[in-house]
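Asks:
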Amino acid sequence: DVVAAVERMRLLQIDTIHVVARSPYLVLHSRLGDYPMSWLDEALAQGRLAECWAHEACFVSAADVAWHRGGHGHRAHHWAHRSAARMHREQRAEMDALLEAVRASGPVRAADFARRDGASKPGWWEWKPEKRWLEAWFALGELMVARRDNFQRVYDLAENVLARLDPPFDPAAAPSAAQLRQRFIVDGVRALGVTQAGWIADYFRLKPKVGDRELAPLLASGELLAVPVQGWSTPGYVHRDHAEALDKALAGRLRATRTALLSPFDPLVWDRARALAMFDFEYTIECYTPAPKRRYGYFVLPILHRGRLVGRLDAKAHRDAGVFEVKALFLEPGVSPEPALAQAVAGAIADTARWHGTPEIRLGSTRPAAMA
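Our numbering puts the last residue of the sequence shown at 373; the count rises by one with no breaks.
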C-alpha cells in the first residue's frame, strides 16, 4: 500500500525530472516492487495523501496534514514560504486576483493559463506568472493540490481539499511550536532507522539543528534509545518502535537481502553527509552540472545491495521504444564484481525496466568491465 509506505517514511519527496520514472514513483518502487504507478495518483485524489512543503515539496499521509499545516512558525523559515511571502508582498494585486478566481471558478492547473509571450519554454526560470503565483499560494497554504492530471497539479482552495481528507482534517489538532518540533524530531528518528543527532533536523528542515542535549528527555521517557555505533564518535539514536530490529542487529541476526535502484531523492540518500558517514557513499546530483563537468551522468541512481550502497548508474527510459538504457554503471571503490553481485544488480535493473514498460535493456559502459 503506497499510503503505508509514505507513513513509514513520513515524507515522499516530489521531483519532476522524468528521464526515468519521476522520483516519488521510483522511491515507492524500491520499497514495493512492481506496483501500478496510478496507485499514488489515486491515493492523492482520494484524500488519503496530501501535498505540502516539508523537507521539500512532499506527499504526506492525510493523518499528518494537521502537523504540517499547524506549524506556522516552523513553516515561516522554510525557503519556499519565505519566497512565496516575498512574492505576495511584491505582487499582491495579481496574486489576490488569482486566488479569487479559483474561489469563483473552482480547481485550476497552471496549464489553463496561456503564456503571454506565446512561447513554450522549459525550466522553472521561464515559468509563466500564473504558475509562480499558484506555487506561491500553495507554499503559503491557501491552495492545496486536489489531484494530479498527468502529474500536473490541479489546485483548489485548501478548505475544499482539507474537507475531503481521509482521515478527516481536524483544525483543533493544531500543535504548539514545542509539540511540533518534538513530533518531527521523533518522526525523523523513526524514519531514519538509526541516526546521529546532527542528521535529524534535515529530515523536516527543522531550525535550529538538533543536539544530543535536546534528546535527553526523549531518552529518559524511553521514546528514543541510545546505541553505540562502530566508527561513530557521537551516540546513535533509534526509535523504540525499532527495538526488536535493534536487538537482532546487535545479535548479528538482522540480514538485508534486497537489491534495488534508488532515486536521487530517496530519503536514504538525500542527506549527503549521512550517506557518506553511513555508507561511505559520496553523492552529488549532477543534472544541474554542465555535461562536460559531470563525473557519472545526468540522473544517476544509487544501487542498494543488501544494506550497502555498492554503485550507481546513469539511466534513461526510452518509453516509446520500450528500451531501458543504462548509459554507464559504476561500482564503488573496493566493491568487487562478484558473480552474485552482478546477478543481483542485473535483476534489479531488469525489474525496474519491466516496471517502466521498457523491458529491453541497453547497457553502455561499466566500471569495472566485469559488470557487463
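Virtual Cβ for every residue (Gly too), placed ideally from N, Cα, C.
In three-state DSSP terms, what is Met145?
Replies: Counting from one through the sequence shown, the residue named residue 145 turns up at place 144. The answer is strand: DSSP assigns Met145 an E or B state.
Asks: Just to check, is the beta-carbon of Trp271 closer than 8 Å to a non-hydrogen atom of the ligand ADP?
Replies: As presented, the structure is devoid of all ligands, the ligand ADP included, so that no description of it is given.
Asks: With DSSP as the reference, label Ile304 as helix, strand or coil.
Replies: Position 303 of the sequence shown holds residue 304. Looking at Ile304 - three-state DSSP - the assignment turns out to be strand.
Asks: Buried or exposed for His78, going by 16 or more other Cβ atoms inside 10 Å?
Replies: Position 77 of the sequence shown holds residue 78. The residue in question, His78, is exposed, as its Cβ has fewer than 16 Cβ neighbours within 10 Å.
Asks: Would you kindly work out how many angstroms separate the C-alpha atoms of Tyr238 and Thr285, rounded to a whole number?
Replies: Stepping through the sequence shown from its first residue, residue 238 is reached at position 237. Stepping through the sequence shown from its first residue, residue 285 is reached at position 284. Computed Cα separation, rounded: 26 Å.
Asks: Taking only runs that begin and end inside the segment 134-209, name each unbroken beta strand (DSSP E) of 3 or more residues, in chain order.
Replies: 144-150, 153-158
Asks: Start and end of the alpha helix (DSSP H) containing Tyr26?
Replies: If you number the sequence shown from 1, residue 26 lands on position 25. Here the alpha helix (DSSP H) through Tyr26 covers 24-33.
Asks: Considering only residues of the same chain and omitting the five flanking positions on each side of Ala159, which have a CB-CB separation below 7 Å?
Replies: Locating residue 159 in the sequence shown gives position 158, counting from the first residue. Within the same chain, Ala159 has close Cβ partners Gly142, Glu143, Leu144, Met145.
Asks: Cα-Cα, which of Asn161, Ser177, Val336 is closest to Asp281?
Replies: Taking the sequence shown and counting its residues from 1, the one referred to as residue 281 is at position 280. Comparing Cα positions, the closest option is Val336.
Asks: May I ask you to verify whether the segment 95-108 touches the segment 226-241, counting CB pairs closer than 8 Å and requiring at least 3?
Replies: no
Asks: Roughly how far, in whole angstroms, is the beta-carbon of Leu332 from the beta-carbon of Arg273, given that I think they are within contact range, below 8 Å?
Replies: In the sequence shown, the residue the question calls residue 332 occupies position 331. In the sequence shown, the residue the question calls residue 273 occupies position 272. Under the criterion of beta carbons closer than 8 Å, Leu332 and Arg273 do not qualify as touching, at roughly 19 Å.
Asks: With DSSP as the reference, identify every bridge partner of Leu364, one or two as the case may be.
Replies: The residue labelled residue 364 in the question sits at position 363 within the sequence shown. Looking at the DSSP assignment, Leu364 forms a beta bridge with Val327.
Asks: So the candidates are Ser222, Glu245, Tyr204; which of them puts its Cα closest to the Cα of Arg275?
Replies: As a first step, residue 275 is located in the sequence shown; it is residue number 274 there, counting from the start. Looking at the Cα atoms, Tyr204 is the closest of the given residues.
Asks: Taking the C-alpha atoms as reference points, what is the distance between Phe114 and Leu269?
Replies: Along the sequence shown, one-based indexing puts residue 114 at 113. Along the sequence shown, one-based indexing puts residue 269 at 268. If I take the Cα positions, the gap works out to 38 Å.
Asks: Can you tell me whether Glu361 is buried or exposed? The criterion is at least 16 other CB atoms within 10 Å of its CB, across all chains shown.
Replies: As a working note, residue 361 is residue 360 in the sequence shown. Counting Cβ neighbours within 10 Å, Glu361 comes out exposed, since fewer than 16 surround it.
Asks: With a CB to CB cut of under 8 Å and the five nearest residues on each side skipped, what residues in its chain are close to Val66?
Replies: Reading the sequence shown from its first residue, position 65 is the one you call residue 66. Cβ neighbours of Val66 beyond the five flanking positions: Ala51, Cys53, Leu163, Leu166, Phe170.
Asks: In whole angstroms, what is the alpha-carbon distance linking Arg9 and Arg184?
Replies: Within the sequence shown, residue 9 is the residue found at index 8, counting from 1. Within the sequence shown, residue 184 is the residue found at index 183, counting from 1. Each residue's Cα considered, the two are about 14 Å apart.
Asks: Rounding to the nearest angstrom, what Cα-Cα distance links Pro37 and Gln92 in this structure?
Replies: Within the sequence shown, numbered from 1, the residue matching residue 37 stands at position 36. Within the sequence shown, numbered from 1, the residue matching residue 92 stands at position 91. Cα to Cα, the separation comes out at about 41 Å.
Asks: Kindly indicate which three-state DSSP category Val230 falls into: helix, strand or coil?
Replies: For the purposes of this step, residue 230 is identified with residue 229 of the sequence shown, where counting begins at 1. Coil at Val230, not helix or strand.
Asks: Taking 9 Å as the cut-off, decide whether the C-beta atoms of Ala175 and His82 are in contact.
Replies: Locating residue 175 in the sequence shown gives position 174, where the first residue counts as 1. Locating residue 82 in the sequence shown gives position 81, where the first residue counts as 1. Cβ distance not < 9 Å, so Ala175 and His82 don't count as in contact.
Asks: Among His243, Pro265, Ser264, Ala261, which one has its Cα closest to the Cα of Ile255?
Replies: The count along the sequence shown starts at 1 and reaches residue 255 at position 254. In the sequence as presented, Ile is not what sits at residue 255; that position holds Leu. Nearest of His243, Pro265, Ser264, Ala261 to Leu255, Cα basis: His243.
Asks: How far does the alpha helix (DSSP H) with Val311 in it extend, from its first residue to its last?
Replies: The residue given as residue 311 occupies position 310 in the sequence shown. No alpha helix (DSSP H) contains Val311, which is instead part of the beta strand (DSSP E) from 309-319.
Asks: Would you call Glu395 buried or exposed, if buried means 16 or more other Cβ atoms sit within 10 Å of its Cβ?
Replies: Coverage of the chain is limited to positions 2 through 373, which leaves residue 395 absent and any answer about it impossible.
Asks: What are the partner residues of Ala261, as DSSP defines its beta bridges?
Replies: Here residue 261 corresponds to residue number 260 of the sequence shown, with the count starting at 1. In the DSSP output, where bridge partners are listed per residue, Ala261 has Leu305.
Asks: How many whole angstroms separate the CB atoms of Leu330 and Met372, which I take to be in contact at a CB cut-off of 8 Å?
Replies: For the purposes of this step, residue 330 is taken as residue 329 along the sequence shown, with counting starting at 1. For the purposes of this step, residue 372 is taken as residue 371 along the sequence shown, with counting starting at 1. Confirmed, Cβ separation roughly 6 Å.
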